[in-house]
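Residue numbers (UniProt numbering), protein chains in the order written: chain A, 1 to 225; chain B, 1 to 225.
Remarks on the structure that follows.
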DNA sequence: CCAAAAGTGTTTTAATTACACCCATGC
DNA sequence: GCATGGGTGTAATTAAAACACTTTTGG
């Protein structure tokens with residue numbers, strides 16, 4: 001016998017990517033939102049998500065719902081928090097929220113979707129439910145985690161210059177970093193492998209690096225241990 | 001109209017406390033478990049918990065269920081992770097797991113309860129469901145968090161000596177710490193207020209300290225901001 | 001040649017570690 | 001007195017930060 005419950009379980013995802021600034025230097029953290037087409041909060045923007053399937057693991061549900069609503073496939077996906085306040089929705093919904101990273105080139109997929117738009121994380125409108133609060137927390141986690149793990153990888157292609165890597169850090173942390181010290185820090189962390197390729201075009205060619213896949217990307221929670 | 005679902009939401013808590021070692025020096029991390037009296041996993045030990053109430057917030061459910069099953073009231077409570085693998089239980093259950101700290105003197109309350117016993121965190125038997133995995137993750141979080149926050153507070157009375165505080169760190173981290181350097185670190189952190197009281201009894205009396213309540217105990221997640 | 005980014009070197013500061021040493025109490 | 005933990009001082013090591021400087025390309 002299977003009991004039923006009047007508490008529903010949803011899964012949502014805060015998806016971060018980077019967008020090159022129009023001014024040319026630097027990038028901004030952006031995220032895709034979906035316009036709600038029904039009550040509650042019809043017309044407001046909300047995080048992509050959906051209901052948890054009966055035969056579906058939590059992370060699979062996160063990947064599925066964000067693919068269905070935005071067309072995106074994340075390069076990094078990690079559980080953020082379970083939100084379950086009684087008054088966060090007219091009906092009782094517990095949302096298992098994930099956060100994800102997608103590379104800027106992959107982010108194009110979401111532009112083709114209807115009712116999906118990218119927003120600058122620094123200037124969001126009022127969102128549906130408690131989604132403003134959720135995004136704030138995800139941003140805090142992103143900034144925090146970039147300091148002690150290699151998640152910046154999730155926002156870059158396979159090969160990249162140190163300047164491009166530094167740009168990712170600068171966009172997330174919101175401050176400039178000393179190129180000389182940044183170089184030494186990532187070199188000492190022993191997570192980068194220099195290639196024989198160079199990125200040319202601007203001025204002095206910059207060496208391309210790639211991540212050492214022997215090293216774990218980041219702690220993804222209890223399930224990866 | 002309210003839809004129903006065949007996914008149920010449970011709340012469980014990993015409760016940590018300290019128990020003085022029989023040898024006299026040092027302490028061990030211990031946690032209370034509840035013996036299951038019904039299937040599945042009847043007879044095995046499991047984390048205290050219960051079903052989420054329809055009109056109950058997640059953290060309230062964690063506090064309620066751990067009080068009902070163990071009689072404990074935690075001095076610190078924080079969400080750990082949401083576990084929802086399809087095969088973690090015969091029926092579909094998503095468990096929102098919390099972790100908590102109780103002071104050793106308060107831990108006595110759980111000894112009076114039937115079907116509750118304290119176990120050394122370092123040597124647990126096989127537990128019901130995926131609870132071994134959950135405890136491992138909670139231990140990792142505890143050890144991690146003690147390094148950058150003041151959660152040790154949650155395992156000590158209002159006033160304590162630096163040696164007692166150091167014992168908490170040593171029990172959690174599982175290694176000895178230099179008393180001299182430990183003293184300087186906590187003094188420089190500016191979270192302790194020296195009192196005029198001294199703990200006498202052994203040899204040279206040790207000054208009692210208390211925590212500065214102006215400083216936040218620790219990040220408790222998105223809801224405390 | 002010049003501008004600009006790539007990359008190296010050097011100095012200073014701060015934090016961590018290791019460990020010697022003095023102090024105050026119970027016995 | 002003396003053993004023991006409380007508490008202070010200090011030198012060595014390591015990491016972070018600030019910044020001058022050299023190198024290499026496109027124009």
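In this text, a Cβ means the ideal position worked out from N, Cα and C, and glycines have one as well.
If I'm right that residue 70 of chain B touches residue 32 of chain B with Cβ under 8 angstroms, what's the distance once you round it to whole angstroms?
Within the second chain, residue 70 of chain B is the residue found at index 70, counting from 1. Within the second chain, residue 32 of chain B is the residue found at index 32, counting from 1. Beta-carbon to beta-carbon, residue 70 of chain B and residue 32 of chain B are separated by about 5 angstroms, close enough to satisfy the 8 angstroms threshold.
At the level of alpha carbons, what is the spacing between residue 19 of chain A and residue 8 of chain A?
Reading the first chain from its first residue, position 19 is the one you call residue 19 of chain A. Reading the first chain from its first residue, position 8 is the one you call residue 8 of chain A. Cα-Cα distance, rounded: 35 angstroms.
Are there three or more Cβ pairs, one per stretch, closer than 8 angstroms when the stretch 139 to 155 of chain A is compared with the stretch 49 to 62 of chain A?
Segments in contact, no.
With 8 angstroms set as the bound, which would you pick, yes or no: does the beta-carbon of residue 100 of chain A sit closer than that to a beta-carbon of chain B?
Counting from 1 along the first chain, the entry for residue 100 of chain A is found at position 100. No, because no Cβ of chain B sits closer than 8 angstroms to the Cβ of residue 100 of chain A.
Output the boundary residues of the beta strand (DSSP E) element that contains residue 7 of chain B.
Here residue 7 of chain B corresponds to residue number 7 of the second chain, with the count starting at 1. Counted as a single uninterrupted DSSP element, the stretch harbouring residue 7 of chain B is not any beta strand (DSSP E), since DSSP gives it neither H nor E.
Kindly indicate which three-state DSSP category residue 122 of chain B falls into: helix, strand or coil?
Locating residue 122 of chain B in the second chain gives position 122, where the first residue counts as 1. Of the three classes helix, strand and coil, the one that applies to residue 122 of chain B here is coil, per DSSP.
So, for residue 91 of chain A: in the same chain, excluding its five sequence neighbours on each side, which residues have a beta-carbon less than 6 angstroms away from its beta-carbon?
Working through the first chain from its first residue, we reach residue 91 of chain A at position 91. If we look at residue 91 of chain A and ignore the five residues flanking it on each side, it has no Cβ neighbours.
Buried or exposed: residue 38 of chain A, going by 16 or more other Cβ atoms within 10 Å of its Cβ?
Here residue 38 of chain A refers to the residue found at position 38 of the first chain. If you draw a 10 Å sphere on the C-beta of residue 38 of chain A, you find fewer than 16 other C-beta atoms in it, and that means exposed.
Those residues which DSSP pairs with residue 95 of chain A across a bridge
In the first chain, residue 95 of chain A corresponds to position 95, counting from 1. For residue 95 of chain A, which the question treats as bridged, DSSP gives the partners A:10 and A:83.
Please classify residue 77 of chain B: does DSSP put it in a helix, a strand, or coil?
Here residue 77 of chain B is taken as the residue at index 77 of the second chain, counted from 1. Three-state result, residue 77 of chain B: strand.
What separation, rounded to the nearest whole angstrom, lies between the Cα atoms of residue 127 of chain B and residue 141 of chain B?
For the purposes of this step, residue 127 of chain B is identified with residue 127 of the second chain, where counting begins at 1. For the purposes of this step, residue 141 of chain B is identified with residue 141 of the second chain, where counting begins at 1. For the pair residue 127 of chain B and residue 141 of chain B, the Cα-to-Cα distance works out to about 19 angstroms.
Distance between beta carbons of residue 134 of chain B and residue 47 of chain B, contact taken as under 8 angstroms
Position 47 of the second chain holds residue 47 of chain B. Position 134 of the second chain holds residue 134 of chain B. That pair is a contact at about 7 angstroms.
Counting only beta-carbon separations shorter than 8 angstroms, does residue 177 of chain B have a partner in chain A?
Against the second chain, residue 177 of chain B aligns to sequence position 177. Contact of residue 177 of chain B with chain A is not assigned, every C-beta pair being separated by 8 angstroms or more.
In the DSSP assignment, find the beta strand (DSSP E) that holds residue 198 of chain A and state where it starts and stops.
In the first chain, the residue the question calls residue 198 of chain A occupies position 198. Counted as a single uninterrupted DSSP element, the beta strand (DSSP E) harbouring residue 198 of chain A occupies residues 192 to 199.
Does any residue of chain A bring its CB to less than 8 angstroms from the CB of residue 6 of chain B?
The count along the second chain starts at 1 and reaches residue 6 of chain B at position 6. Interface flag for residue 6 of chain B against chain A is set, since a Cβ pair is found closer than 8 angstroms.
Quick check on residue 113 of chain A - is its C-beta less than 8 angstroms from some C-beta in chain B?
In the first chain, residue 113 of chain A corresponds to position 113, counting from 1. False, the Cβ-Cβ gap to chain B never drops below 8 angstroms.
Test item: CB-CB of residue 169 of chain A and residue 193 of chain A under 8 angstroms:
Along the first chain, read from residue 1 onward, the residue named residue 169 of chain A stands at position 169. Along the first chain, read from residue 1 onward, the residue named residue 193 of chain A stands at position 193. Cβ atoms of residue 169 of chain A and residue 193 of chain A: not closer than 8 angstroms.
Residue 134 of chain B versus chain A: which residues are under 8 angstroms apart at the beta carbon?
Residue mapping note: residue 134 of chain B aligns to position 134 of the second chain, counting from 1. Annotation: Cβ neighbours of residue 134 of chain B in chain A (cutoff 8 angstroms, chain order): 222.
Under 7 angstroms (Cβ pairs) to chain B, residues found in the stretch 77 to 89 of chain A
From the stretch 77 to 89 of chain A, only 79, 81, 82, 84, 85 and 86 have a Cβ closer than 7 angstroms to chain B.
Which value, in whole angstroms, describes the spacing of the CA atoms of residue 11 of chain A and residue 67 of chain B?
Residue 11 of chain A sits at position 11 when you count from the first residue of the first chain. Residue 67 of chain B sits at position 67 when you count from the first residue of the second chain. When rounded, the distance between both Cα atoms is 29 angstroms.
Nearest chain B C-beta to residue 36 of chain A closer than 8 angstroms, yes or no?
Here residue 36 of chain A corresponds to residue number 36 of the first chain, with the count starting at 1. No, its Cβ sits nowhere closer than 8 angstroms to a Cβ of chain B.
My output table needs one value for residue 175 of chain B: the three-state DSSP class, helix, strand or coil.
Position 175 of the second chain, counted from the first residue, corresponds to residue 175 of chain B. Three-state DSSP puts residue 175 of chain B in coil, outside helix and strand.
Since residue 55 of chain A meets chain B, which of its residues come closer than 7 angstroms, beta carbon to beta carbon?
Within the first chain, the letter at position 55 stands for residue 55 of chain A. The contacting residues are 86.
Beta-carbon separation (whole angstroms), residue 218 of chain A vs residue 150 of chain A, contact threshold 8 angstroms
Translated into the one-based positions of the first chain, residue 218 of chain A becomes position 218. Translated into the one-based positions of the first chain, residue 150 of chain A becomes position 150. Right, the Cβ-Cβ distance comes to about 6 angstroms (below 8 angstroms), so this counts as a contact.
Between residue 169 of chain A and chain B, is there a C-beta pair that is closer than 8 angstroms?
Numbered from its first residue, the first chain carries residue 169 of chain A at position 169. Taking a beta-carbon distance threshold of 8 angstroms, residue 169 of chain A does not count as an interface residue toward chain B.
Give the straight-line distance between the Cα atoms of residue 40 of chain A and residue 89 of chain A, rounded to the nearest whole angstrom.
The residue given as residue 40 of chain A occupies position 40 in the first chain. The residue given as residue 89 of chain A occupies position 89 in the first chain. Answer to the nearest angstrom: the Cα atoms are 8 angstroms apart.
Quick one: Cα of residue 50 of chain A to Cα of residue 52 of chain B, how far?
Along the first chain, read from residue 1 onward, the residue named residue 50 of chain A stands at position 50. Along the second chain, read from residue 1 onward, the residue named residue 52 of chain B stands at position 52. When rounded, the distance between both Cα atoms is 21 angstroms.
Which class does residue 182 of chain B belong to by DSSP, given the choice of helix, strand or coil?
In the second chain, counting from the first residue as 1, residue 182 of chain B sits at position 182. In the structure shown, residue 182 of chain B sits in a helix (DSSP, three-state: H, G or I).
How is residue 206 of chain A classed by DSSP in three states: helix, strand or coil?
Numbered from its first residue, the first chain carries residue 206 of chain A at position 206. Assignment of residue 206 of chain A by DSSP, reduced to helix, strand and coil, places it in the strand class.
So which residues of chain A does residue 96 of chain B contact, with C-beta pairs closer than 9 angstroms?
To locate residue 96 of chain B, count along the second chain from 1; it is residue 96. Residues of chain A passing the Cβ test: 82, 84, 94 and 96.
What is the DSSP secondary structure of residue 18 of chain A, counted as helix, strand or coil?
Taking the first chain and counting its residues from 1, one reaches residue 18 of chain A at position 18. Three-state result, residue 18 of chain A: strand.
For chain A, find out if any of its Cβ atoms is closer than 8 angstroms to the Cβ of residue 127 of chain B; answer yes or no.
Here residue 127 of chain B is taken as the residue at index 127 of the second chain, counted from 1. Cβ-Cβ to chain A under 8 angstroms: no for residue 127 of chain B.
Would residue 139 of chain B be called buried (16 or more neighbouring beta carbons within 10 Å of its own) or exposed?
Reading the second chain from its first residue, position 139 is the one you call residue 139 of chain B. Of the residues assessed, residue 139 of chain B falls on the buried side of the cut-off, its CB having 16 or more other CB atoms within 10 angstroms.
What did DSSP end up calling residue 48 of chain B once you bin it into helix, strand or coil?
Taking the first residue of the second chain as position 1, residue 48 of chain B is located at position 48. Note: residue 48 of chain B maps to coil in three-state DSSP.
Cβ of residue 244 of chain B within 8 angstroms of any chain A Cβ
The structure shown has nothing for residue 244 of chain B, since chain B only spans 1 to 225.
Residue 142 of chain A versus chain B: which residues are under 8 angstroms apart at the beta carbon?
As a working note, residue 142 of chain A is residue 142 in the first chain. One finds nothing in chain B with a Cβ atom closer than 8 angstroms to the Cβ of residue 142 of chain A; even the nearest lies about 13 angstroms away.
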